[in-house]
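Following numbering that gives the first Met the number 0, the numbering of the sequence shown begins with 0 at its first residue and continues without gaps.
Beta carbons: idealized from backbone N, C-alpha and C, even for Gly.
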Amino acid sequence: MKSLKENCQKAHIVIIGSGIIGKFNALELSELGFQVTIIDPTQLQNSSNAALGLLMGNMYQKRRGRSWDLRKQSIELWPQWITFLQKFNCKLNIEKPLIQLTTNEEKFKKLEKFINENNDQNLRILERDSIFIKNINKAFQTKNLKGMISFKDGRINPFTLLQTLDKYLKHKKINFSKGEIIKIKKLNNQWISTTRNNENIKSDMIILCNSLKAVDLIDSISHKIALKPVLGQAMEIEINDAEVNLLSLPKQFSINGKNIIPKSKNKLIIGSTDEYSIKPEENTFEKLTNFLDKKPTWLIKGKISKKWYGIRSKPDGEASPIMKNLEGGLILCTGFYKNGILLAPACSKWVANEIKNYLF
Ligand SMILES: Cc1cc2nc3c(=O)[nH]c(=O)nc-3n(C[C@H](O)[C@H](O)[C@H](O)COP(=O)(O)OP(=O)(O)OC[C@H]3O[C@@H](n4cnc5c(N)ncnc54)[C@H](O)[C@@H]3O)c2cc1C
0 MKSLKENCQK
10 AHIVIIGSGI
20 IGKFNALELS
30 ELGFQVTIID
40 PTQLQNSSNA
50 ALGLLMGNMY
60 QKRRGRSWDL
70 RKQSIELWPQ
80 WITFLQKFNC
90 KLNIEKPLIQ
100 LTTNEEKFKK
110 LEKFINENND
120 QNLRILERDS
130 IFIKNINKAF
140 QTKNLKGMIS
150 FKDGRINPFT
160 LLQTLDKYLK
170 HKKINFSKGE
180 IIKIKKLNNQ
190 WISTTRNNEN
200 IKSDMIILCN
210 SLKAVDLIDS
220 ISHKIALKPV
230 LGQAMEIEIN
240 DAEVNLLSLP
250 KQFSINGKNI
260 IPKSKNKLII
270 GSTDEYSIKP
280 EENTFEKLTN
290 FLDKKPTWLI
300 KGKISKKWYG
310 IRSKPDGEAS
320 PIMKNLEGGL
330 ILCTGFYKNG
340 ILLAPACSKW
350 VANEIKNYLF
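Here it is, written out as structure tokens:
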């Protein structure tokens, strides 16, 4: 009898879309021995390249249901993948911990209740006199910040991650096609993906990882799937205040829902917005800096040194993400409106299991 790896080597899988979800699926499947082809016309202009890379898994307050299960599995899988990928880039790492702060008393009470009920050593309420709170209060000129610290959550640099995955995929000689797929069909037990230039790519299975555009490739009569675009903006701000050293702050934290990542003594990243739109508005600075009643003076005077955005897909009428085995050999993996970086390992594990069940 042939081994699983020998059987996998024969099967060819096409992945449409090369954001984090497409690339992570390619990694998982390639390690199982499948022949993989990734197809994407513009791999650098996607929401994965806009992400901040925060992995908010363990601090997720709903500790049951599908969303928690995916998070829990990803939290367990990430360290194993990091160890594996460090062979291709020793700098790839998850920076821990992650701090979540609020000025809203009600929200803080919920946090306290969550921590008291969960008896998880990796989650703690931050004491008022903790060095983290002291430094953040001092820099942001506030007195009333409260919150929690999660020692199991953190941040992975999305740019480094995507680059490392590229290095791995190149090393494994994974086929990469720069086409845009405009049509897929099944013929004599094989799938055919047709590019805009009329090139046909044959495979045993297709995984749709092309975010919003996935719905254009599936039969809308048999499969009722709706996705809405959600724009997310982020920016890097340069400050000019000799008395503030942004490196005295934790490596990553959030205040009232805005994520903050100090980059150097005088630069920080703030993100991100959730807008039902595909075009960024002009008032990004205001939108991203209005997380406190009174902004610190250095932030008011700060200058945007970079800004960027990404368009994500939000499922309309069902939970995020959408992972479905649509019909013999066609898998849908989309709707990662948030947390696509965090959830990539658990989702690619699910896809791999579906593929194994379909083929063997
Ligand atoms: C500002 C911002 C901050 C974020 N911060 C975080 C964070 O801190 N943590 C986190 O976990 N997540 C974060 N996210 C969310 C995360 O970026 C997404 O969940 C994730 O990137 C979704 O990945 P994806 O592969 O599904 O989609 P994408 O990265 O958008 O990739 C889809 C790919 O499909 C390709 N494609 C489309 N149509 C076709 C076609 N017809 N043929 C071939 N290819 C096609 C596109 O070119 C694209 O490359 C953030 C997002 C934004 C915008």
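Chain-order list of residues whose beta-carbon lies under 6 Å from that of residue i (same chain, five-residue window excluded)
i, result
"Leu342", "Leu69 and Ser73"
"Lys184", "Ile191"
"Ile238", "Asn265, Trp297 and Gly301"
"Trp349", "Met322"
Proximity to residue i [Cα-Cα], best of the options
i, options, result
"Met234", "Ala213, Gly270 and Asp240", "Gly270"
"Thr159", "Thr101, Lys90 and Ile200", "Lys90"
"Leu325", "Ile206, Lys264, Asn118 and Ala351", "Ile206"
"Ile200", "Trp349, Thr36, Leu110 and Leu43", "Thr36"
"Leu43", "Tyr308, Phe335, Lys142 and Phe252", "Tyr308"
"Ile299", "Thr194, Glu285, Asp315 and Phe23", "Glu285"
"Ile155", "Lys306, Asn88 and Phe175", "Asn88"
"Asn174", "Val243, Val13 and Ile340", "Val13"
"Phe252", "His170, Phe290 and Lys355", "Phe290"
"Asn24", "Asp165, Arg123, Lys151 and Asp315", "Asp165"
"Asn356", "Met204, Lys142, Ile259 and Leu211", "Met204"
"Gln34", "Asn258, Lys172 and Lys250", "Lys172"
"Asp39", "Lys151, Pro295, Thr163 and Ile15", "Ile15"
"Phe150", "Lys250, Ile259, Ser47 and Ala49", "Lys250"
"Thr102", "Lys294, Asn143, Ser29 and Ser129", "Asn143"
"Leu216", "Leu287, Cys332 and Leu84", "Cys332"
"Ile310", "Lys212, Arg65, Lys106 and Ser129", "Lys212"
Exposed unless 16 or more other CB atoms sit within 10 angstroms - verdict on residue i
i, result
"Glu104", "exposed"
"Phe335", "buried"
"Gly21", "buried"
"Asn187", "exposed"
"Asn282", "exposed"
"Phe359", "exposed"
"Ile303", "exposed"
"Ile220", "exposed"
"Thr41", "exposed"
"Lys108", "exposed"
"Asn258", "buried"
Close Cβ partners of residue i (< 8 Å) along its chain, the five nearest in sequence each way excluded
i, result
"Lys262", "Glu235, Leu245 and Ile268"
"Glu274", "Val229, Leu230, Gly231, Gln232 and Glu280"
"Arg127", "Lys145"
"Thr194", "Ile38, Ser176, Gly178, Glu179, Ile180, Ile181 and Ile200"
"His170", "Phe87"
Pairwise C-alpha distance: residue j and residue i
i, j, result
"Ser276", "Lys9", "43 Å"
"Asn57", "Glu94", "14 Å"
"Leu125", "Ile148", "6 Å"
"Ile114", "Lys313", "29 Å"
"Ile224", "Asp218", "10 Å"
"Leu76", "Pro344", "6 Å"
"Lys182", "Asp119", "48 Å"
"Gly146", "Cys208", "36 Å"
"Leu51", "Arg63", "26 Å"
"Leu168", "Thr82", "16 Å"
"Glu27", "Ala351", "7 Å"
"Ala241", "Gln99", "27 Å"
"Phe131", "Ser347", "35 Å"
"His222", "Gly32", "30 Å"
"Gly256", "Pro320", "21 Å"
"Gln79", "Asp292", "42 Å"
"Asn338", "Gln189", "33 Å"
"Asn121", "Lys112", "15 Å"
"Glu317", "Lys86", "38 Å"
"Asn45", "Ser176", "16 Å"
"Leu161", "Arg123", "31 Å"
"Ile392", "Ser210", "With the chain covering 0 to 359 only, the question about residue 392 has no answer from this structure."
"Leu53", "Ile254", "14 Å"
"Asn373", "Gly153", "Residue 373 is absent from the model: the chain starts at 0 and stops at 359."
"Gln140", "Pro295", "6 Å"
"Gly327", "Val214", "17 Å"
"Met55", "Ser129", "21 Å"
Same chain only: Cβ atoms within 7 Å of residue i, ignoring 5 sequence neighbours per side
i, result
"Tyr59", "Trp67 and Arg70"
"Leu134", "For the record, residue 134 in the displayed sequence is Asn; it is not Leu. Contacts found: Ser247 and Leu248."
"Glu353", "Asn324 and Ile330"
"Asn196", "Gly178"
"Lys305", "Met234 and Glu235"
"Val243", "Ala138 and Trp297"
"Asp315", "Ala225, Leu226 and Lys227"
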